[in-house]
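See below for the structure under consideration.
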Amino acid sequence: MQNTCGWIALAGESPLRDSLKGTQQADWLIIGAGITGLSAAHSLAEMHPQARIVIVDRQRAAQGASARNSGFVVGHEHPVTAELQGNEGFAGYQVDTSISRVASDEVRKRIARHGIECDFRESGYFFAVSDPRKLTDVEAKLQTLRAVGAAAQFLQGEQLFQKLGTRHYQAGIWCGNGNALLQPAKYVKGLLDALPQKVTLFENTEITGLERRSDGRIRANARNGRIEAPRVLVCLNAFIPRAGISDSGTFPMELSASLTRPLSDEEFEAIGAPQPWGVLSTRPLGATVRLTPDRRVMIRNTAEYRANDLSLAELAVRRQHHVLGLQRRFPMLGEQDIQYTWTGHLSASRSGQPYFAKVEEGVFAVAGCNGSGVARGTLWGRLLAELASGADSPILQSVIERAQPGWLPPKPFLDIGAMLRMRVEAARAKSEV
Ligand SMILES: Cc1cc2nc3c(=O)[nH]c(=O)nc-3n(C[C@H](O)[C@H](O)[C@H](O)COP(=O)(O)OP(=O)(O)OC[C@H]3O[C@@H](n4cnc5c(N)ncnc54)[C@H](O)[C@@H]3O)c2cc1C
Numbered sequence: 010m011q012n013t014c015g016w017i018a019l020a021g022e023s024p025l026r027d028s029l030k031g032t033q034q035a036d037w038l039i040i041g042a043g044i045t046g047l048s049a050a051h052s053l054a055e056m057h058p059q060a061r062i063v064i065v066d067r068q069r070a071a072q073g074a075s076a077r078n079s080g081f082v083v084g085h086e087h088p089v090t091a092e093l094q095g096n097e098g099f100a101g102y103q104v105d106t107s108i109s110r111v112a113s114d115e116v117r118k119r120i121a122r123h124g125i126e127c128d129f130r131e132s133g134y135f136f137a138v139s140d141p142r143k144l145t146d147v148e149a150k151l152q153t154l155r156a157v158g159a160a161a162q163f164l165q166g167e168q169l170f171q172k173l174g175t176r177h178y179q180a181g182i183w184c185g186n187g188n189a190l191l192q193p194a195k196y197v198k199g200l201l202d203a204l205p206q207k208v209t210l211f212e213n214t215e216i217t218g219l220e221r222r223s224d225g226r227i228r229a230n231a232r233n234g235r236i237e238a239p240r241v242l243v244c245l246n247a248f249i250p251r252a253g254i255s256d257s258g259t260f261p262m263e264l265s266a267s268l269t270r271p272l273s274d275e276e277f278e279a280i281g282a283p284q285p286w287g288v289l290s291t292r293p294l295g296a297t298v299r300l301t302p303d304r305r306v307m308i309r310n311t312a313e314y315r316a317n318d319l320s321l322a323e324l325a326v327r328r329q330h331h332v333l334g335l336q337r338r339f340p341m342l343g344e345q346d347i348q349y350t351w352t353g354h355l356s357a358s359r360s361g362q363p364y365f366a367k368v369e370e371g372v373f374a375v376a377g378c379n380g381s382g383v384a385r386g387t388l389w390g391r392l393l394a395e396l397a398s399g400a401d402s403p404i405l406q407s408v409i410e411r412a413q414p415g416w417l418p419p420k421p422f423l424d425i426g427a428m429l430r431m432r433v434e435a436a437r438a439k440s441e442v
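For the record, in the sequence shown the residue sitting at position 337 is 346 according to this note's numbering, with numbers rising by one throughout.
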């Protein structure tokens, strides 16, 4: 088996760009060409029309996590008990939601501005469970979601079956008004293809380190060249330590997903011909599942804290997990119906909040998407460009104030703690994978 992302395979290729050779001078350097870096590149190009902007990626641009994710545009997170209206965490939930709403709006604007075809559907999605005990405080959640501007509706049994075409889910909250779905590889490819001519992109160019020159400029070193710039934006998310930033308070996670072939007309009719949908679990390690507009089923039901990439043999084991998850929901589907299986890396933090900072003179960085970087990465790219340009706004201040990823213990305590926490979460999510 291969590690092939179905979204990327279906989105098609952009023309290959050169890799870096020799020395380049730039006014701005962006490291990492995912959603965040590309969004930053667009914003910088709009703000500084005369500037020389360079962006680099260690592999093909727009093919990292930004293309490999599940395509949920998060405007409203599922509120946990502490965040319910009347509880202590509600004020923070309100601020986070106001940021997420701006972020989801930013996605909509980028799609409209660049004419990106990415199956964008503003039809909301579900927080749904197989075990109804995993969906607690339903009334309070509906009230909380509505209080922050979401459309929210509780569904169970037959009503939910008619929406999803599977009886696996017993209860769920549909949540709209800001929540959307898209084909992630098409979205980020759209950001890439729309880059203005004046932005220079180097692909297959791995930055191995940053150093400060005696004239104050920053030199980013790669295997066959270097780029010198007075200002550098680090948009590496899970890979932020590669720029020498090791105290971001974020840690990497590796996730895996599979995408099936399209359902046949008979299969689709048999499940009631539902509209495309997306389901998020209410448990952090529960499955994320979608029925796509072209009638494929996507499942992402493994997530692990890992220092090393999964091998193909290890991925084959994760794929069996996907098969079990698929069969719980759609018993007619088996391993033979899976067309693509892949992995992707994201960056998490203890508090669920990002790292977003001026690291030192001329160096700005963001990480810690915590699984909602499609919308947030789009916003962060713009805001990081604004911060580095000396601009200010209430939303930038809001993001900076909330950017407290929390303390992480040093290794090996971090490794042990993270592993134990993941085990507990996996046990809690057992009915939902
Ligand atoms: C399986 C999966 C499902 C997810 N589902 C969702 C979802 O449904 N909704 C959501 O909002 N978020 C989701 N996420 C998270 C989302 O994908 C990320 O938040 C988002 O892609 C972050 O974008 P980014 O540009 O910051 O980082 P990335 O997309 O990771 O981009 C970083 C780039 O840096 C490059 N790079 C790494 N090292 C170097 C180096 N040394 N030199 C140069 N370049 C380098 C990488 O190649 C990569 O292209 C999911 C993630 C995964 C993995």
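We put the beta carbon where it would ideally sit given N, CA and C, even for glycine. This structure is a prediction, so every number in the text was calculated from the model and none was measured.
Would you call residue i buried or exposed, if buried means 16 or more other Cβ atoms sit within 10 Å of its Cβ?
i: methionine 262; result: buried
i: serine 257; result: buried
i: lysine 172; result: buried
i: lysine 420; result: exposed
i: phenylalanine 129; result: buried
i: alanine 384; result: buried
i: aspartate 401; result: exposed
i: lysine 207; result: exposed
i: asparagine 188; result: buried
i: valine 326; result: exposed
i: aspartate 27; result: exposed
i: glutamine 345; result: exposed
i: proline 88; result: buried
i: alanine 50; result: buried
i: asparagine 310; result: buried
For the beta strand (DSSP E) holding residue i, just list the boundary residues, first then last.
i: phenylalanine 163; result: 160–165
i: alanine 357; result: 347–358
i: alanine 231; result: 227–231
i: arginine 411; result: Run containing arginine 411: none in the beta strand (DSSP E); it sits in the alpha helix (DSSP H), 403–411.
i: alanine 400; result: First-last for alanine 400: undefined, no H or E at that position.
i: alanine 374; result: 372–376
May I ask which residues mark the beginning and end of the alpha helix (DSSP H) holding residue i?
i: glutamate 395; result: 382–397
i: arginine 155; result: 147–156
i: arginine 77; result: 74–77
i: valine 197; result: 193–202
i: isoleucine 17; result: 15–20
Figure out for me which residue from the options has the closest Cα to the Cα of residue i.
i: arginine 251; options: Gly21, Asn230, Tyr314; result: Asn230
i: serine 273; options: Ile44, Ile17, Val306, Gly258; result: Val306
i: glutamate 86; options: Trp183, Arg430, Phe211; result: Trp183
i: aspartate 318; options: Arg221, Leu264, Gln179, Ala180; result: Leu264
i: glutamate 313; options: Gly380, Leu201, Ile254; result: Gly380
i: threonine 45; options: Thr387, His123, Gln94; result: Thr387
i: alanine 70; options: Ala112, Thr214, Arg130; result: Thr214
i: threonine 145; options: Glu131, Phe163, Gly43; result: Phe163
i: valine 408; options: Gly234, Pro88, Ser109; result: Ser109
i: arginine 432; options: Met10, Glu97, Ser23, Arg292; result: Arg292
i: phenylalanine 339; options: Phe277, Lys198, Gly41; result: Phe277
i: leucine 47; options: Val111, Pro58, Arg119; result: Arg119
i: glycine 371; options: His354, Val197, Arg222; result: Arg222
i: arginine 430; options: Ser358, Asp105, Ala203, Ile404; result: Ser358
i: glutamate 131; options: Gly287, Leu417, Asp424; result: Gly287
i: glycine 84; options: Glu115, Ile62, Glu22, Asp202; result: Glu115
i: alanine 412; options: Ala427, Met428, Leu393, His177; result: Leu393
Any idea what DSSP makes of residue i, helix, strand or coil?
i: histidine 177; result: coil
i: isoleucine 125; result: coil
i: leucine 429; result: helix
i: arginine 240; result: strand
i: threonine 259; result: strand
i: serine 265; result: strand
i: threonine 106; result: helix
i: glutamine 171; result: helix
i: arginine 64; result: Contrary to the premise, residue 64 reads as isoleucine rather than arginine in this sequence. Of the three classes helix, strand and coil, the one that applies to isoleucine 64 here is strand, per DSSP.
i: arginine 69; result: coil
i: alanine 247; result: helix
i: valine 116; result: helix
i: threonine 214; result: coil
i: leucine 423; result: helix
i: valine 138; result: strand
i: arginine 437; result: helix
i: valine 82; result: strand
i: lysine 367; result: strand
i: glutamate 131; result: coil
Got a sec: is the Cβ-Cβ distance from residue i to anything in chain C below 7 Å?
i: alanine 70; result: The structure shown contains no chain C; it holds only a single protein chain.
Is residue i near ligand 3, in the sense that its beta carbon is under 6 Å from a heavy atom of that ligand?
i: alanine 74; result: The model on display carries ligand 1 but not ligand 3.
Mind pulling the beta strand (DSSP E) runs of 3 or more residues that sit fully within the segment 280–364? The segment 280–364 is shown to contain whole beta strand (DSSP E) runs of 3 or more residues at 286–289, 297–300, 306–314, 347–358, in chain order.
Complete runs of the alpha helix (DSSP H) confined to the segment 33–60 [at least 4 residues]: 44–56
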